[in-house]
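Here's the structure, in structure tokens; my notes come after.
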């Protein structure tokens, strides 16, 4: 691993900056428009509005001069004293350039967050169709898969936190909301710490916009955050408020189709929240509303998700044959629309219900299909639940070694997660060790 050089003191940093040629010094000053801790090649190209080859050459010069340190992962960092010296040298002439550079940084992160979000959840309704469609039409190859999207969010989380704050402070409110929306979805999958601050910035920007759709979207993100911490009352309050906001908004500049699709989205969100809180009749009610709305629009993805939401109350009431039929009807539209993660959840639930029906081989097949779609590094909580289900299938088939292997894999998925929900599942999975169960 490359060892960073010793950090210079203030005088050394000032001398280093003075020895730069003017063009490189101005370029280094523009880099400080980015508030985060590291720079990538793509980010520097956005800051400088340069093609990648010229950007790479300029970065090489700044690394050689000691302004930047290049790390093995390709990221570049800047010593605190060097950054401070550059910020002090920003002349009045450069200030407009710095403002434009800040706007480019915000746009860069908003567009990349949308691209990563599209890779994770391609068919979900989204609040800002024009910007999303623009990104969809110019999909970045490096963010075209779920694995790449997860890696990008993981690597850029600290930068996203800083950029979301800058976006809000500089009145780039749409971008702040879009970054927060994308973070909320990734947070649901990975459970990282420190994402609530980004969501709160998105909420503040939504309030500044005065847009009920953005406001509702951020309360949905807050509801999901509470659900992951088993704070059901707070989650239900947030998601019902989000639905009320959307239903009361006329969205005069948007089409009926857009508003109806958003309504379906929030019905599904409310159904999910009630299901997580074990209010299964309410979950079924909102799933039915979503199904009617989705059928009116002919949106197969939403119809499939509504059927999936309807299956849980049936499963709780032990209507296993009906549950299996409903889940199996939901799978084809999800696969057709590349909704791999949602399809993985359906496969996992089919594993459970088919096990209860005594169809162990089919249950095992659906569990393996879920694992293929949701590896541990991309969806650790789901992966752990699938391994737990497969452990019980193997146990019922009398293969205790395989059961133990799946249980240990489930344990390895749950243990690192920073979530009370994961802790609860970890504790409940200890039932597996009880021979009487």
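In the UniProt record's numbering, the protein residues as written are 1 to 437. Cβ coordinates follow ideal geometry from the N, Cα and C atoms, glycine included. The structure displayed is predicted, hence computed values, not measured ones.
Residue i, DSSP secondary structure in three states
i: residue 70; result: strand
i: residue 232; result: helix
i: residue 77; result: strand
i: residue 127; result: coil
i: residue 51; result: coil
i: residue 8; result: coil
i: residue 107; result: helix
i: residue 349; result: helix
i: residue 359; result: coil
i: residue 212; result: helix
i: residue 87; result: helix
i: residue 82; result: helix
i: residue 13; result: helix
i: residue 31; result: helix
i: residue 374; result: coil
i: residue 122; result: coil
i: residue 245; result: helix
i: residue 238; result: helix
i: residue 415; result: coil
i: residue 94; result: coil
i: residue 19; result: coil
i: residue 339; result: coil
i: residue 65; result: helix
i: residue 435; result: Low per-residue confidence applies at residue 435: pLDDT is 47, beneath 50, and the placement is therefore not dependable enough to give any value.
Where residue i falls, given that 16 or more other Cβ within 10 Å makes a residue buried
i: residue 364; result: buried
i: residue 181; result: buried
i: residue 171; result: exposed
i: residue 115; result: buried
i: residue 202; result: buried
i: residue 367; result: buried
i: residue 417; result: buried
i: residue 400; result: exposed
i: residue 137; result: exposed
i: residue 436; result: The predicted position of residue 436 is uncertain, since its pLDDT is 49 and thus under 50; a value taken from the coordinates is nonetheless stated next. Under this definition residue 436 is an exposed residue.
i: residue 389; result: buried
i: residue 228; result: buried
i: residue 53; result: exposed
i: residue 271; result: buried
i: residue 96; result: exposed
i: residue 296; result: exposed
i: residue 134; result: exposed
i: residue 32; result: buried
i: residue 252; result: Any reading at residue 252 needs caution, since the residue's pLDDT is 48, under 50, leaving its predicted position unreliable; the model's value is listed next. Residue 252 comes out exposed.
i: residue 173; result: buried
i: residue 233; result: exposed
i: residue 278; result: exposed
i: residue 47; result: buried
i: residue 132; result: buried
i: residue 126; result: buried
i: residue 37; result: exposed
i: residue 163; result: buried
i: residue 210; result: exposed
i: residue 205; result: buried
i: residue 184; result: buried
i: residue 18; result: exposed
i: residue 256; result: exposed
Whole-angstrom C-beta distance between residue j and residue i, which should lie under 8 Å
i: residue 59; j: residue 44; result: 6 Å
i: residue 239; j: residue 280; result: 16 Å between Cβ atoms; not a contact.
i: residue 370; j: residue 348; result: 4 Å
i: residue 351; j: residue 384; result: Their Cβ separation, rounded to whole angstroms, is 13 Å, which puts residue 351 and residue 384 out of contact at 8 Å.
i: residue 169; j: residue 198; result: With 8 Å as the limit, residue 169 and residue 198 do not qualify as a contact, their Cβ atoms being about 14 Å apart.
i: residue 264; j: residue 294; result: 5 Å
i: residue 333; j: residue 301; result: 6 Å
i: residue 307; j: residue 283; result: The pair is not a contact, with the Cβ atoms about 13 Å apart (cut-off 8 Å).
i: residue 28; j: residue 62; result: 6 Å
i: residue 41; j: residue 55; result: 6 Å
i: residue 113; j: residue 178; result: 6 Å
According to DSSP, residues forming a beta bridge with residue i
i: residue 225; result: DSSP, once it has assigned bridges, lists no residue as partnering residue 225.
i: residue 39; result: 76
Any non-hydrogen atom of the ligand FMN closer than 7 Å to residue i Cβ
i: residue 122; result: As presented, the structure is devoid of all ligands, the ligand FMN included, so that no description of it is given.
Subject >> Segments of 4+ residues assigned as alpha helix (DSSP H) that fall wholly inside the stretch 129-209 >> reply: The qualifying runs are 129-137, 146-169, 173-190 and 196-209.
**OP:** Scan the stretch 377-412 and note each continuous beta strand (DSSP E) run of 3 residues or more that stays entirely inside, going in chain order.
**Re:** Taken in chain order, the whole beta strand (DSSP E) runs of length 3 or more contained in the stretch 377-412 number zero.
**OP:** Identify every run of the beta strand (DSSP E) within the stretch 261-337, keeping only runs that are complete inside it and at least 3 residues long; order them along the chain.
**Re:** Fully enclosed beta strand (DSSP E) runs of no fewer than 3 residues are not present anywhere in the stretch 261-337.
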